[in-house]
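Novice: Before I ask anything, here is the structure I am working with.
Numbering (my numbering), first residue to last: 101 to 870.
So this is what it looks like as structure tokens:
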């Protein structure tokens with residue numbers, strides 16, 4: 101059956117993006133290099149309430165190169181940046197890297213200030229020159245600056261040398277080279293000045309020393325590292341906020357009725373825990389007694405409290421108000437929704453957006469090009485520069501090396517991804533990987549399943565329309581026996597009605613009785629179910645399902661059309677080869693669906709509805725929510741085919757669904773979006789999960805996707821423009837016209853500020869409206 105459309109209109113085609121495979125991890129710091137699961141794959145958990153992790157739980161990774169894995173802290177063998185824990189823990193202490201860099205910074209500042217006074221003071225304040233003669237000043241500068249560069253800046257030399265050995269030249273290559281050359285030149289100038297040629301000597305015949313630039317550059321790079329590490333810790337704020345939602349203790353109700361506060365780690369599946377008014381729910385579970393308004397906004401993003409009573413599911417970390425609950429624990433520790441959310445967020449923050457591939461290609465040649473430019477600047481200044489020519493050449497070369505540090509370029513994408521993914525989690529949107537985040541903002545077509553996505557997903561049996569002399573109670577019992585083994589939401593409505601003893605006024609098995617056993621059960625996805633119940637061959641499903649079993653549905657078609665005309669779904673029942681009844685099942689449309697779809701249409705997104713329901717029911721729902729294009733009576737294979745066809749037409753497609761039958765289409769789409777109430781299969785097949793089963797969450801997700809990608813582009817433009825302008829200035833291209841030659845100290849300050857600016861811009865995403 102073709103897609104039906106209330107209107108027409110061509111859409112522009114876009115290039116179909118390629119797929120990317122997450123890189124596998126590289127374990128470093130071990131006896132040998134090993135491959136480990138990459139981002140988004142299995143790794144250890146360290147959540148409050150979970151058992152202590154093994155070695156995998158203390159793995160560290162690089163924010164710029166998530167494929168790197170190492171046991172414990174250290175530095176990245178590719179870029180040299182400090183590694184950080186793969187998974188954030190609620191009880192994580194201060195970063196050891198931040199503590200070490202802070203200590204080195206304070207020592208560097210304490211020793212660098214007198215170096216600056218000795219060097220600059222002699223030029224600005226004559227009294228300093230008289231108090232400390234130049235011959236004494238250079239020795240004092242040597243004594244003060246050497247520990248700054250060689251001790252405080254030692255990590256830069258270690259990382260720089262590692263980059264040379266591994267042939268992964270990075271920012272620390274440039275820092276180590278620049279400060280090392282400046283310090284070495286100055287030390288030789290003090291110890292053996294006579295070996296320098298005349299080109300290195302100033303008007304007074306002295307050789308200039310560069311202790312001050314070497315020390316100040318080291319201090320400024322340390323300052324940049326400290327500010328960067330502090331900012332990077334803030335990117336984990338969303339994960340820590342989620343971890344802090346879970347209370348450390350739970351009030352467990354014992355078998356004898358007594359109640360005790362116990363550590364959350366001591367709560368087991370099946371235990372009863374009491375949640376008093378104003379307390380947080382400690383575990384995932386089911387309410388067995390009580391009634392309360394539960395605030396789930398911190399997990400799902402839904403601002404309105406949800407009333408929970410007996411039989412309802414609750415999520416650990418949510419807040420109960422206006423009443424108390426007795427909850428039976430269904431999941432604890434690392435198996436709770438909150439723990440799984442933390443795992444997904446942590447993995448997504450380490451994933452790489454496709455745009456990062458372009459940055460990687462640039463970074464691969466950036467440092468060698470910078471070194472070549474520095475050498476060229478040195479040669480040009482040495483040949484044609486003013487006296488002392490070689491001294492000016494050294495200043496230009498060191499300035500180029502320092503100002504060109506590619507830290508800002510490398511941080512531009514991962515910092516925005518980390519903050520954006522964390523912000524999305526706080527809004528009830530789980531991003532499985534950065535690729536999904538990048539693709540979502542390009543989506544122009546959204547394919548939605550009806551049941552559980554557009555509707556509330558809690559259908560109810562409203563009537564049983566029988567054919568001939570069939571017994572409605574018996575029909576309901578037979579149908580419910582079959583549907584008990586099905587995962588479809590409509591099946592649950594039939595079973596619930598039978599267990600409750602009513603089906604729109606029709607008696608069921610009633611409380612205390614069990615449904616009959618089923619033999620030879622089959623359930624072809626998207627069609628219906630069949631089996632042998634109490635000696636009767638029973639079919640439950642669509643008209644197509646009956647025809648596939650050689651049963652003519654014509655006798656009940658009129659009954660089915662009447663049910664569909666009322667906006668309900670018609671489920672046909674056949675017993676022993678004869679149509680027996682039509683079950684009327686209604687699933688109300690969510691109140692927010694029409695508004696969410698209106699926003700998507702206003703943003704230029706076309707919405708396509710696919711449903712297994714009959715065309716009359718599909719048309720009624722589509723008209724109610726304003727969808728122009730839909731297809732009814734679709735199978736899972738057809739859903740997959742529709743998504744594929746749309747992509748072949750040049751559309752960027754997002755598929756939104758919640759069931760097993762949606763999994764193939766979710767996997768085939770450019771972006772698979774699963775609603776959090778759906779099955780595990782759907783969640784695993786999707787790149788984005790909406791914890792709130794509501795399309796308004798999809799609107800929030802697209803808004804955050806656009807904000808994140810816009811932030812990345814801002815960072816990249818800033819980084820490229822900064823380096824594009826800074827390197828020529830540092831090389832001295834403005835000197836012939838302006839007489840300006842950039843000091844290495846100014847270059848170091850600009851380099852540090854560029855990195856901090858990129859991180860600060862990324863942190864703005866935390867305040868983005870969702």
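Each residue gets a CB set at the ideal place from its N, CA and C atoms; glycine is no exception. In this text the structure is predicted, and so the values were computed from the model without any measurement.
Mind checking who residue 363 pairs with in its DSSP beta bridge?
Specialist: BP columns for residue 363 point to 349.
Novice: Hey, how far is the Cα of residue 831 from the Cα of residue 495?
Specialist: Taking the straight line joining both Cα atoms gives about 9 Å.
Novice: Since I believe residue 773 is in contact with residue 790 (beta carbons under 8 Å), could you give me their beta-carbon distance rounded to a whole number of angstroms?
Specialist: Yes, residue 790 and residue 773 are in contact; Cβ-Cβ is about 6 Å, under 8 Å.
Novice: What do you reckon, are the CB atoms on residue 391 and residue 373 nearer than 8 Å?
Specialist: In this structure, residue 373 does not lie closer than 8 Å to residue 391 by Cβ.
Novice: Let me check one thing: in DSSP terms, what residues is residue 794 bridge-paired to?
Specialist: According to DSSP, residue 794 bridges with nothing at all.
Novice: Evaluate residue 664 with the Cβ neighbour count: other Cβ atoms within 10 Å of its Cβ, from every protein chain shown; 16 or more gives buried, anything less gives exposed.
Specialist: Burial call: buried.
Novice: Note down the Cα distance separating residue 583 from residue 521, rounded to an integer number of angstroms.
Specialist: Whole-angstrom Cα-Cα distance: 39 Å.
Novice: Could you tell me the alpha carbon to alpha carbon distance between residue 318 and residue 501, rounded to whole angstroms?
Specialist: For residue 318 and residue 501, the distance between alpha carbons rounds to 13 Å.
Novice: Once DSSP output is grouped into helix, strand and coil, what is the label at residue 827?
Specialist: In the structure shown, residue 827 sits in a helix (DSSP, three-state: H, G or I).
Novice: Between the region 711-719 and the region 729-743, do three or more beta carbon pairs fall short of 8 Å?
Specialist: Yes: the two stretches touch, three or more of their Cβ pairs being nearer than 8 Å.
Novice: Identify every residue that forms a DSSP beta bridge with residue 669.
Specialist: According to DSSP, residue 669 bridges with 685.
Novice: Put residue 629 into one of helix, strand or coil per three-state DSSP.
Specialist: Three-state result, residue 629: strand.
Novice: Should the region 417-432 be called in touch with the region 377-386, which here means at least 3 C-beta pairs below 8 Å?
Specialist: Contact between the region 417-432 and the region 377-386 is present, because at least three Cβ pairs lie under 8 Å.
Novice: Report the option in 515, 754, 800 whose CA atom is closest to the CA atom of residue 329.
Specialist: Checking every option, the nearest Cα to that of residue 329 belongs to 515.
Novice: Counting Cβ pairs closer than 8 Å, one from the region 665-680 and one from the region 535-546, do we hit at least three?
Specialist: Segments in contact, no.
Novice: List the DSSP bridge partners of residue 408.
Specialist: Paired residue(s): 392.
Novice: Who are the near neighbours of residue 395 in its chain, counting only those whose CB is closer than 7 Å to its CB and skipping five residues on each side?
Specialist: The answer, listed in chain order, is 405, 418, 419, 421.
Novice: Only counting runs of 4 or more residues, tell me where the alpha helix (DSSP H) segments fall wholly within the region 700-785, in order along the chain.
Specialist: Fully enclosed alpha helix (DSSP H) runs of 4 or longer: 715-725, 736-748, 763-768, 780-785.
Novice: With a threshold of 6 Å on Cβ separation, who are the neighbours of residue 286 within its own chain once the five nearest residues in sequence on each side are excluded?
Specialist: The residues are 309, 310, 311.
Novice: Would you kindly check if the distance between the Cβ of residue 591 and the Cβ of residue 615 is under 8 Å?
Specialist: Not in contact: residue 615 and residue 591 (Cβ atoms no closer than 8 Å).
Novice: Quick one: using the 10 Å Cβ neighbour count with 16 as the cut-off for buried, is residue 675 buried or exposed?
Specialist: So residue 675 ends up on the buried side.
Novice: Just checking my contact of residue 688 with residue 555 at CB under 8 Å: how many whole Å lie between their CB atoms?
Specialist: Correct: roughly 6 Å between the Cβ atoms.
Novice: Given a threshold of 16 other Cβ atoms within 10 Å of its Cβ, counted over all protein chains shown, does residue 363 qualify as buried or as exposed?
Specialist: That one is exposed.
Novice: Do residue 699 and residue 799 have their C-beta atoms closer together than 8 Å?
Specialist: It is a contact, given that the beta carbons lie within the stated cut-off.
Novice: Which full runs of the beta strand (DSSP E) of 3+ residues lie inside the region 532-598, going along the chain?
Specialist: Those beta strand (DSSP E) runs which fall completely within the region 532-598 and span 3+ residues are 545-549, 560-566.
Novice: In terms of residues, what are the limits of the alpha helix (DSSP H) holding residue 622?
Specialist: Residue 622 -> not in any alpha helix (DSSP H); beta strand (DSSP E) instead, spanning 618-622.
Novice: Looking at C-alpha atoms only, which residue of 239, 195, 244 is the closest neighbour of residue 210?
Specialist: When only C-alpha atoms are compared, the closest one is 244.
Novice: Are the CB atoms of residue 816 and residue 517 within a distance shorter than 8 Å?
Specialist: No. Outside cutoff.
Novice: Excluding sequence positions up to five away, which residues of its chain have a Cβ less than 6 Å from the Cβ of residue 720?
Specialist: Here the set comprises 667.
Novice: May I ask which residues mark the beginning and end of the beta strand (DSSP E) holding residue 264?
Specialist: Segment 254-266 is the alpha helix (DSSP H) holding residue 264; no beta strand (DSSP E) there.
Novice: Over the uninterrupted beta strand (DSSP E) stretch that includes residue 375, give me the two end residues.
Specialist: Taken as a continuous stretch (DSSP letters only), the beta strand (DSSP E) holding residue 375 covers 372-375.
Novice: Assuming residue 241 is part of the alpha helix (DSSP H), what are its boundary residues?
Specialist: Segment 234-247, the alpha helix (DSSP H) holding residue 241.
Novice: Any contact between the region 470-483 and the region 237-255? By contact I mean 3 or more CB pairs, one from each, below 8 Å.
Specialist: Judged by Cβ distances under 8 Å, the region 470-483 makes no contact with the region 237-255, as fewer than three pairs qualify.
Novice: Report the three-state DSSP secondary structure of residue 53 (helix, strand or coil).
Specialist: One cannot answer for residue 53 here, as it falls past the ends of the chain, which runs 101 to 870.
Novice: Per DSSP, what are the beta-bridge partners of residue 420 in this structure?
Specialist: Note: residue 420 sits in a beta bridge opposite 394.
Novice: Which residues in the same chain have their Cβ closer than 7 Å to the Cβ of residue 455, if we skip the five residues on either side of it in sequence?
Specialist: Taken in chain order, the residues that qualify are 513, 538, 812.
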